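Novice: Would you mind keeping the following structure in view while I ask a few things?
Printed below as a string of structure tokens:
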């Protein structure tokens, strides 16, 4: 199955400046993003940004007026495949829509930001399902509605509830920043060539204006990344991992610096434990077979769908583990006392988990209100996640 978006770099260049061809249309994945001019009032002067060709039935789930119900709606189409872009141009040539459509060649995921959107329609390449969702939710002015087709298991993650096997960081984010509704199933026989997986269509309505939570997306998502790194561990265990504490310590120092709060970075008395000894206990605690469940529930789908294992692992985990792996060969036990600020941060983390009553809960059991409560408590202690 051809994919409109590859992960290879591509510059965003108008199609008129690229050589064109007219290949036969297949059921390649596609994205359509109707956008609004940044200077235009919301819901007025709509402009569409199609990222190639959506299936004809998807627009029917949009509220009127849609970019397909009026020839007065300007549109942009973003496509990484020149052949598909040429086909879109060919289909509107000689029609009133030709002057309203601009085809841009490029990777929508690699764009610094998507323009303000009124509606987003997508027959999404499965390998960019998660990045597209997070990119949309992180927009300051997200689209008022999105009708998206995904692989069935991914679509189920979007609407999963606490306690469900597919409940994940994706589930919490989507339902915190938007409302999500399952629309219909799409059998693989509807594609040529037919894929190995079934598909579903979902409708997402991001919260906008005063309804949008007044917190930073990166902060909330940063907390979720830690909690769902191993969703079957208790939050006590997840926040006791040394990489997490080190990240919290760095961010706490930045917070103190910005707020003129003195920080004592001297060594704490009586903390000369062998490096890794205490941290190793923290990491291993509360396993009780949970990691085996994690591997079963979160292992990557054989058909190439991104199921977030790597995405749920924060970057600082990866960086610090890479450094540790390089040093592991020649490493010898040494006594490295913790700083006083590290002890303060660890005490603050433990205080938050205890005061919220969430320390013994697992991420898979917590709802969005639990995570919001946890984030507010961490912020009150000066601990941030972005």
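Residue numbers (the UniProt record's numbering): 1 to 386.
Each residue gets a CB set at the ideal place from its N, CA and C atoms; glycine is no exception.
From a predicted model like this one, the values you see are computed outputs, not experimental measurements.
Given a threshold of 16 other Cβ atoms within 10 Å of its Cβ, counted over all protein chains shown, does residue 264 qualify as buried or as exposed?
Specialist: In the chain shown, residue 264 corresponds to position 264, counting from 1. Counting Cβ neighbours within 10 Å, residue 264 comes out exposed, since fewer than 16 surround it.
Novice: Might you give, ordered along the chain, the residues of its own chain that have their beta carbon closer than 7 Å to the beta carbon of residue 109, omitting 5 neighbours on each side?
Specialist: Within the chain shown, residue 109 is the residue found at index 109, counting from 1. 5, 128, 131, 132, 135, listed in sequence order.
Novice: Tell me whether residue 201 sits in a helix, a strand or coil according to DSSP, three-state version.
Specialist: In the chain shown, residue 201 corresponds to position 201, counting from 1. Strand at residue 201.
Novice: Quick one: Cα of residue 143 to Cα of residue 205, how far?
Specialist: Mapped onto the chain shown, residue 143 falls at position 143. Mapped onto the chain shown, residue 205 falls at position 205. Rounded to the nearest angstrom, the two C-alpha atoms are 8 Å apart.
Novice: I'd like the list of long-range same chain contacts for residue 238, defined as Cβ closer than 8 Å, with 5 residues on each side in sequence excluded.
Specialist: Taking the chain shown and counting its residues from 1, the one referred to as residue 238 is at position 238. Residues of the same chain with a CB within less than 8 Å of the CB of residue 238, apart from the 5 flanking positions on each side, are 226, 227, 229, 230, 244, 363 in chain order.
Novice: Do residue 166 and residue 157 have their CB atoms nearer than 8 Å?
Specialist: Residue mapping note: residue 166 aligns to position 166 of the chain shown, counting from 1. Residue mapping note: residue 157 aligns to position 157 of the chain shown, counting from 1. Taking 8 Å as the Cβ cut-off, residue 166 and residue 157 qualify as a contacting pair.
Novice: Are the CB atoms of residue 185 and residue 200 within a distance shorter than 8 Å?
Specialist: Within the chain shown, residue 200 is the residue found at index 200, counting from 1. Within the chain shown, residue 185 is the residue found at index 185, counting from 1. The Cβ atoms of residue 200 and residue 185 sit closer than 8 Å to each other.
Novice: When you compare each of 79, 139, 258, 256 to residue 216 by their alpha carbons, which one comes out closest?
Specialist: Here the question's residue 216 lines up with position 216 in the chain shown. For residue 216, the nearest C-alpha among the options comes from 139.
Novice: Note down the Cα distance separating residue 113 from residue 224, rounded to an integer number of angstroms.
Specialist: Numbered from 1 along the chain shown, position 113 holds the residue referred to as residue 113. Numbered from 1 along the chain shown, position 224 holds the residue referred to as residue 224. Computed Cα separation, rounded: 22 Å.
Novice: So, with DSSP's three-state summary, where would you put residue 207?
Specialist: Indexing the chain shown from 1 puts residue 207 at position 207. It is coil, neither helix nor strand.
Novice: Buried or exposed for residue 386, going by 16 or more other Cβ atoms inside 10 Å?
Specialist: Taking the first residue of the chain shown as 1, we reach residue 386 at position 386. Exposed is the call here.
Novice: Report the rounded CA-to-CA distance for residue 376 versus residue 100, giving the unit in angstroms.
Specialist: Mapped onto the chain shown, residue 376 falls at position 376. Mapped onto the chain shown, residue 100 falls at position 100. Answer to the nearest angstrom: the Cα atoms are 46 Å apart.
Novice: Can you name the residues that DSSP bridges to residue 254?
Specialist: One-based indexing of the chain shown puts residue 254 at position 254. According to DSSP, residue 254 bridges with nothing at all.
Novice: Output needed for residue 92: all residues of its chain with C-beta closer than 6 Å, excluding positions within five of it in sequence on either side, in chain order.
Specialist: By one-based count along the chain shown, residue 92 stands at place 92. 98, 101, listed in sequence order.
Novice: So, is residue 84 buried or exposed, given that buried needs 16 or more other C-beta atoms within 10 angstroms?
Specialist: Here residue 84 refers to the residue found at position 84 of the chain shown. Buried, since its Cβ has 16 or more Cβ neighbours within 10 Å.
Novice: Please report the Cβ distance between residue 251 and residue 221, rounded to the nearest whole angstrom; I am assuming they are in contact, meaning their Cβ atoms lie under 8 Å.
Specialist: Mapped onto the chain shown, residue 251 falls at position 251. Mapped onto the chain shown, residue 221 falls at position 221. About 14 Å; that fails the 8 Å criterion.
Novice: Cα separation between residue 198 and residue 188?
Specialist: Counting from 1 along the chain shown, the entry for residue 198 is found at position 198. Counting from 1 along the chain shown, the entry for residue 188 is found at position 188. Cα atoms of residue 198 and residue 188: separation of roughly 5 Å, rounded to the nearest angstrom.
Novice: Go ahead and pull the three-state DSSP assignment for residue 362.
Specialist: Residue numbering aside, residue 362 sits at position 362 when the chain shown is read from its first letter. Residue state, collapsed to three classes: strand.
Novice: Let me make sure I understand the geometry here. Which of 120, 96, 78, 95 has the alpha-carbon closest to that of residue 104?
Specialist: Here residue 104 is taken as the residue at index 104 of the chain shown, counted from 1. Of 120, 96, 78, 95, the residue nearest in Cα terms is 78.
Novice: Would you mind giving the Cβ-Cβ distance between residue 358 and residue 370, rounded to the nearest angstrom? I have them listed as a contact below 8 Å.
Specialist: Residue mapping note: residue 358 aligns to position 358 of the chain shown, counting from 1. Residue mapping note: residue 370 aligns to position 370 of the chain shown, counting from 1. So it is a contact: roughly 6 Å between Cβ atoms.
Novice: For residue 79, which three-state DSSP category applies?
Specialist: Position 79 of the chain shown, counting from 1, holds the residue named residue 79. DSSP places residue 79 in strand when its eight states are reduced to three.
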